[in-house]
Amino acid sequence: MAEPESSTAPMPAETPTVGWSIAQPEYDARVARVRGELEARRLDALVLFHPIRMAYLSGFYHLSTERPMAIVVPLETDAGLGALIPQLEQDHIAKAPGVTRPKIYPEYPSGGTKHPLLHLADLLADLGLAKPGTRVGYDSDGYLDVNGYDGPLLSEVVGDGVEAVRARDIVDKLRYVKSEAELAFIKESCVWGNLAHRLMHERFAPGRTEIEISLEASVAASKTMLAALGPAYQPLTLAWGGMPAQATFHAGANTALPHGLSGATGLRRGDVLVTYAGADVGGYNSELERTMILGEPTPEFARHFDLMLQLQQTAFDALRPGRTLAAAETDVADAFAALGVTAMQRHHTGHGLGLEGHEAPFIDKGDETFIAENMVLSVEPGLYVPGLAGFRHSDTVVVRAGGVERLTYYPRNLESMVVAV
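Under our numbering, the first residue of the sequence shown is numbered 33, with each subsequent residue one higher.
Written out as C-alpha cells, the structure is:
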C-alpha cells in the first residue's frame with residue numbers, strides 16, 4: 033500500500049551554510065548556569081567524567097576508552113574549564129575554546145610516573161581546589177568502568193580535608209529543557225529520521241532480511257542527508273560508528289520483545305514489523321517508531337493496533353506543563369486498566385531525548401519532575417502479546433504551553449502501516 037505524501041521530507045534546494053553545532057555563547061551560558069547551581073549548593077567545583085555531560089558544557093565530543101578524561105568546572109568564573117586529557121587527545125581538546133586549563137598525561141595505565149587520576153588531583157590543586165574545606169561535586173566517583181579501565185575513586189585522590197559530593201543531577205537537569213538551537217537540531221533530526229523510515233518502508237518485501245533492509249535504507253538516507261547538510265555537518269554522538277541517519281526494525285513474534293534484535297531471517301507475509309528511525313544532527317537525536325504489517329492485517333492485529341493508538345493519544349493528552357511526569361504516567365496506566373490490557377504493558381510511557389537516545393526525565397510513576405515547556409520526550413506506550421507481536425508507535429514531542437507538539441510526522445493510521453505484498 034502506497035504511503036501518503038505527508039510522510040515525505042522536503043529536500044533542500046541547495047547546501048545550507050549554517051554550522052550544525054552549538055555556538056560558543058550557548059556553551060558559556062550553560063557553564064554560567066552550572067556555576068549558579070554550585071554556588072547554591074556551596075560547592076567549589078564540579079568534576080564530570082561522563083562523555084555526554086562533558087560535551088554538553090564544552091563541545092568536546094570524544095571516544096571514551098580506557099584512558100580517563102574529565103572536565104572540571106570551578107566556581108570561580110576567571111578560572112575557565114579544566115580538563116584531564118590523555119596525550120593522544122591534546123590536539124582535539126584544543127578545539128574546545130572553553131577549556132583553558134588542560135592537564136595532559138602520557139598514557140594509561142602508566143600515566144607517566146603515576147596513575148592518570150593522580151594527574152586529575154594535580155589539576156584540582158592547580159585550580160586551588162585541594163585546600164582543606166573545599167567541596168568538590170562529581171557525576172561519578174571516579175572514571176567510568178569501560179574498556180578495561182581500573183583506578184582509584186575521585187574521593188580517594190582529592191586530598192585531605194577535601195569533600196567529594198555526588199552532584200550528577202546538576203548537568204542532567206539543565207538538559208531537561210531545550211534551547212531554541214537544540215530544538216532546531218532535533219526538528220532537523222526528525223526530517224532525516226522520517227526519510228530513513230520511508231526508504232526502509234519502501235524496501236519491505238517477503239524474503240528480504242531485517243539486516244539488509246535496515247542497512248540499505250540507512251545508507252541511502254545518510255547519503256542524501258550529507259549532500260543536503262553540507263561539509264559543516266559532523267555526526268557528533270556517533271563517535272564509535274554508525275550512520276548519520278539510521279533505520280532498523282525487527283519482525284514477527286520477536287516484536288513481542290520490546291527491545292528485540294534485528295536478524296538475518298527472511299520476512300514472511302503476515303509478519304508484524306516494529307521499526308525505529310532517527311538521525312544525529314548537531315549531536316541531537318530523535319525517535320520515530322511504527323508498528324506495521326507485511327500484507328493485510330488480521331482482525332486480531334487491527335484490534336491491538338487500535339488499542340495502541342488509543343493509549344498513545346492518552347499519553348499525548350496527559351503531557352501538559354505544570355503536571356508531573358508521574359501523573360501523566362498514571363493517566364496512561366489507568367487507560368491500560370480501562371481497556372483491560374494491563375497485563376500487556378512492559379515499560380513506562382517515554383523518556384527524554386536530546387544528546388542521548390534515552391535520557392532523563394522519564395514518563396514514569398517514579399519521576400515527580402514537573403512537565404515544562406520545551407522539554408522533548410518520546411511518547412511510546414506499548415502492548416506486547418507473547419506469541420503474537422508487539423504494538424508500539426513512538427513519536428518525538430516538544431512540550432508547548434497548551435500541550436505537546438509532535439515533531440515526528442510519519443503517518444500513524446492503520447491503512448498507512450499496511451505494506452502491500
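Virtual Cβ for every residue (Gly too), placed ideally from N, Cα, C.
Inset, instruction - Determine the extent of the alpha helix (DSSP H) in which Thr307 is found, giving its start and end residues. - result: Taking the sequence shown and counting its residues from 1, one reaches residue 307 at position 275. In the DSSP annotation of this structure, Thr307 is not part of any alpha helix (DSSP H); the continuous beta strand (DSSP E) holding it starts and ends at 304 to 311.
Inset, instruction - Tell me whether the beta-carbon of Glu242 lies closer than 8 angstroms to the beta-carbon of Ser294. - result: Position 210 of the sequence shown, counted from the first residue, corresponds to residue 242. Position 262 of the sequence shown, counted from the first residue, corresponds to residue 294. Yes.
Legend entry - Unbroken alpha helix (DSSP H) run spanning Ala115, endpoints: Residue mapping note: residue 115 aligns to position 83 of the sequence shown, counting from 1. That residue, Ala115, is in no alpha helix (DSSP H); its beta strand (DSSP E) goes 113 to 118.
Legend entry - Closest by C-alpha distance to Phe423, when choosing among Ala392, Leu343, Asp363, Thr280: In the sequence shown, the residue the question calls residue 423 occupies position 391. The residue with the shortest Cα to Cα distance from Phe423 is Leu343.
Legend entry - Distance, Thr280 Cα to Leu439 Cα: Start at 1 with the first residue of the sequence shown, and residue 439 comes out as number 407. Start at 1 with the first residue of the sequence shown, and residue 280 comes out as number 248. Using only the alpha carbons, I get a separation of about 20 angstroms.
Inset, instruction - Please specify which runs of the beta strand (DSSP E), each continuous and at least 3 residues long, are wholly inside the region 97 to 167, giving them in chain order. - result: For the region 97 to 167, whole beta strand (DSSP E) runs of length 3 or above, ordered along the chain, are 102 to 106, 113 to 118, 131 to 137.
Legend entry - Cβ-Cβ distance between Tyr208 and Gly382 below 8 angstroms: Taking the first residue of the sequence shown as position 1, residue 208 is located at position 176. Taking the first residue of the sequence shown as position 1, residue 382 is located at position 350. The Cβ-Cβ distance between Tyr208 and Gly382 does not fall below 8 angstroms.
Legend entry - Range of the contiguous beta strand (DSSP E) that encloses Arg335: Translated into the one-based positions of the sequence shown, residue 335 becomes position 303. Per DSSP, Arg335 belongs to no beta strand (DSSP E); it is in the alpha helix (DSSP H), 331 to 350.
Inset, instruction - For the beta strand (DSSP E) containing Met492, list its first residue and its last residue. - result: The chain is shown from 33 up to 453; residue 492 falls before or after that span and cannot be answered.
Inset, instruction - Count the other CB atoms, across all protein chains shown, that sit within 10 Å of the CB of Val178; report buried if there are 16 or more and exposed otherwise. - result: Here residue 178 refers to the residue found at position 146 when the sequence shown is read from its first residue. Per the 10 Å Cβ criterion, exposed.
Legend entry - Inter-stretch contact (C-beta, 8 angstroms, three-pair minimum) for the region 254 to 265 and the region 283 to 302: No, because fewer than three Cβ pairs between the region 254 to 265 and the region 283 to 302 fall closer than 8 angstroms, the two stretches do not touch.
Legend entry - Bounding residues of the beta strand (DSSP E) (the contiguous stretch that carries His229): Here residue 229 refers to the residue found at position 197 of the sequence shown. Premise fails: His229 lies in the alpha helix (DSSP H), 212 to 235, not in any beta strand (DSSP E).
Inset, instruction - Note down the Cα distance separating Arg300 from Leu326, rounded to an integer number of angstroms. - result: For the purposes of this step, residue 300 is taken as residue 268 along the sequence shown, with counting starting at 1. For the purposes of this step, residue 326 is taken as residue 294 along the sequence shown, with counting starting at 1. Cα-Cα distance, rounded: 7 angstroms.
Inset, instruction - Can you grab the Cα-Cα spacing for the pair Arg133 / Val194, in whole Å? - result: Counted from its first residue, the sequence shown places residue 133 at position 101. Counted from its first residue, the sequence shown places residue 194 at position 162. CA-to-CA, the gap between Arg133 and Val194 works out to about 21 angstroms.
Inset, instruction - Return the bridge partner residues of Asp427 from the DSSP annotation. - result: For the purposes of this step, residue 427 is taken as residue 395 along the sequence shown, with counting starting at 1. Answer by DSSP bridge pairing, in chain order: Val411.
Legend entry - Exposure of Asn317, with buried meaning 16 or more beta-carbon neighbours within 10 Å: Here residue 317 is taken as the residue at index 285 of the sequence shown, counted from 1. Asn317 is classed as buried because its beta carbon has at least 16 other beta carbons within 10 Å across all chains shown.
Inset, instruction - Compute the Euclidean distance between the alpha carbons of Gly274 and Ser211, then round it to the nearest angstrom. - result: Locating residue 274 in the sequence shown gives position 242, where the first residue counts as 1. Locating residue 211 in the sequence shown gives position 179, where the first residue counts as 1. For Gly274 and Ser211, the distance between alpha carbons rounds to 26 angstroms.
Legend entry - Nearest to Leu289 (by Cα), restricted to the options Val417, Gly310, Leu320, Thr346: Numbered from its first residue, the sequence shown carries residue 289 at position 257. Looking at Val417, Gly310, Leu320, Thr346, the one whose alpha-carbon comes closest to that of Leu289 is Val417.
Inset, instruction - Whole angstroms is fine: what's the gap from Glu121's alpha carbon to Pro129's? - result: As a working mapping, residue 121 is identified with position 89 in the sequence shown. As a working mapping, residue 129 is identified with position 97 in the sequence shown. Glu121 and Pro129: Cα-Cα distance of roughly 15 angstroms.
Legend entry - Own chain residues within Cβ distance below 7 angstroms of Met449, not counting five before or after: In the sequence shown, residue 449 corresponds to position 417, counting from 1. Arg322, Thr323, Met324, Ile325.
Legend entry - Cα-Cα separation, Gly114 to Gly315: The count along the sequence shown starts at 1 and reaches residue 114 at position 82. The count along the sequence shown starts at 1 and reaches residue 315 at position 283. Computed Cα separation, rounded: 22 angstroms.
Legend entry - Pick from Leu70, Ile84, Gly51 that is closest to Gly389, judged by C-alpha positions: As a working mapping, residue 389 is identified with position 357 in the sequence shown. Minimum Cα distance to Gly389 is reached at Ile84.
Inset, instruction - Determine the burial state of Arg99: buried for a count of at least 16 other Cβ atoms within 10 Å of its Cβ, exposed for fewer. - result: Looking up residue 99 in the sequence shown gives position 67. Classification for Arg99: buried.
Inset, instruction - Check whether the region 424 to 432 touches the region 389 to 398, taking contact to mean three or more Cβ pairs, one atom from each stretch, closer than 8 angstroms. - result: Judged by Cβ distances under 8 angstroms, the region 424 to 432 makes no contact with the region 389 to 398, as fewer than three pairs qualify.
Inset, instruction - Can you tell me the Cβ-Cβ gap for Ala253 and Ala277, rounded? I've got them flagged as a contact below 8 angstroms. - result: In the sequence shown, the residue the question calls residue 253 occupies position 221. In the sequence shown, the residue the question calls residue 277 occupies position 245. Rounded to the nearest angstrom, the Cβ distance from Ala253 to Ala277 is 4 angstroms, consistent with a contact under 8 angstroms.
Inset, instruction - Give the single residue among Gln119, Thr109, Val131 whose Cα lies nearest to the Cα of Gly91. - result: Walking along the sequence shown from the start, residue 91 turns up at place 59. For the residues Gln119, Thr109, Val131, the minimum Cα distance to Gly91 belongs to Val131.
Inset, instruction - State the DSSP-derived secondary structure class of Ile243, mapped to helix, strand or coil. - result: Here residue 243 refers to the residue found at position 211 when the sequence shown is read from its first residue. Secondary structure at Ile243: helix, using DSSP grouped into helix, strand and coil.
Inset, instruction - Identify whether Leu206 lies in helix, strand or coil by the three-state DSSP scheme. - result: Here residue 206 refers to the residue found at position 174 when the sequence shown is read from its first residue. The three-state reading of DSSP puts Leu206 in helix, counting H, G and I together.
Inset, instruction - Using DSSP bridges, identify the partner residues of Val283. - result: Counting from one through the sequence shown, the residue named residue 283 turns up at place 251. The residue asked about is misnamed: residue 283 is Ala in this sequence, not Val. Looking at the DSSP output, Ala283 shares a beta bridge with Leu305.
Legend entry - Sheet register partners of Gly422 (DSSP bridge): Your numbering for residue 422 matches position 390 in the sequence shown. In DSSP, Gly422 forms a bridge with Tyr416.
Inset, instruction - Give every residue of the same chain whose Cβ lies closer than 6 angstroms to the Cβ of Asp303, excluding the five residues on either side of it in the sequence, and list them in chain order. - result: Within the sequence shown, numbered from 1, the residue matching residue 303 stands at position 271. If the five residues before and after Asp303 are omitted, its C-beta is found closer than 6 angstroms to the C-beta atoms of Ala283, Gly284, Leu326, all from its own chain and listed in chain order.
Legend entry - the region 154 to 161 contacting the region 55 to 75, beta-carbon criterion three pairs below 8 angstroms: At 8 angstroms Cβ cutoff, the stretches do not touch.
Inset, instruction - Count the CB pairs spanning the region 174 to 193 and the region 144 to 152 that are closer than 8 angstroms, and state whether there are at least three. - result: Yes: at least three Cβ pairs fall under 8 angstroms.
Inset, instruction - Give the range of the alpha helix (DSSP H) segment to which Thr68 is assigned. - result: Indexing the sequence shown from 1 puts residue 68 at position 36. Before going on, a small fix: residue 68 reads as Gly here, not Thr. Where Gly68 is concerned, the enclosing alpha helix (DSSP H) stretches over 56 to 72.
Legend entry - Which listed residue (Glu405, Thr374, Glu400) has its alpha carbon closest to that of Ala353: Along the sequence shown, read from residue 1 onward, the residue named residue 353 stands at position 321. At residue 353 the sequence reads Pro, which differs from the Ala that was named. The shortest Cα separation from Pro353 among Glu405, Thr374, Glu400 belongs to Glu405.
Inset, instruction - With DSSP as the reference, label Pro501 as helix, strand or coil. - result: Outside the modelled stretch of the chain, which goes from 33 to 453, sits residue 501, for which no answer is possible.
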